[in-house]
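Per the UniProt record's numbering, the very first residue in the sequence shown carries number 1; after that it's consecutive.
For every residue, glycine included, the Cβ atom is placed at its ideal position computed from N, Cα and C.
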Amino acid sequence: MADENFPGWHGTTILAVKRGGKVVVAGDGQVSVGQTVMKGTARKVRRLQPGGRDVVVGFAGSTADAFTLLERLEKKLESAPGQLQRACVELAKDWRTDKYLRNLEAMLIVTDGAQIYVVTGAGDVLEPEHDVAAIGSGGNFALSAARGLLETDLDAEGVARKAMAIAADICVYTNGNLTVEVLEE
């Protein structure tokens, strides 16, 4: 439970777009405390290489909590090479049932270039229906924009960059300093 005397940490928009045999994960760099931007260049999209295979993870929420989850995910991927869904489900089960992990406040978007999953502390492992997923404060803005941009001829990276720019124009907790990672199917 959050301390009412401490202003909430806000920030982050993470977006994943799958199109044309590629998955692009883009994340902004803003971290805010209350009404103050604490940092504008945070890197919230990471490339993992468990067993030599690339996996890209974007996170929203507490950075320390997210890094704890990234380490756990990497171990799950090492124990189940090439089985992203299984690793995500195992992480979600641990996250939901473990007394320590249960208190972690973060969300993840995970992709291996073929599949995209949103993993939450509620035990969810969600695969988006429309090849677009978004999390974070500006996630709904980016998701809406990307869904609309899928009607254009833009490639996956073009959709992601434009949708993130739209989210940054609307959401005060999102900026235009992007980290972009691309994986091919």
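For residue 165, the uninterrupted alpha helix (DSSP H) segment begins and ends at 156-170.
With contacts defined as CB atoms closer than 8 Å, residue 179 and residue 44 qualify as a contacting pair. A direct Cα-Cα distance of roughly 15 Å separates residue 17 from residue 138. For residue 176, same chain residues with a beta-carbon under 8 Å away, outside a window of 5 residues either side, are 28, 164, 165, 168 in chain order. In chain order, 123 place their CB closer than 6 Å to the CB of residue 96, counting only its own chain and leaving out the 5 sequence neighbours on each side. Under the 8 Å Cβ criterion, the segment 46-57 does not count as touching the segment 88-95, having fewer than three qualifying pairs. When 14, 118, 38, 88 are compared, the shortest CA-CA separation from residue 75 is found for 88. Contact annotation, residue 183 with residue 39: C-beta distance approximately 26 Å; criterion of less than 8 Å not satisfied. When secondary structure is reduced to three states using DSSP, residue 108 falls in the strand class.
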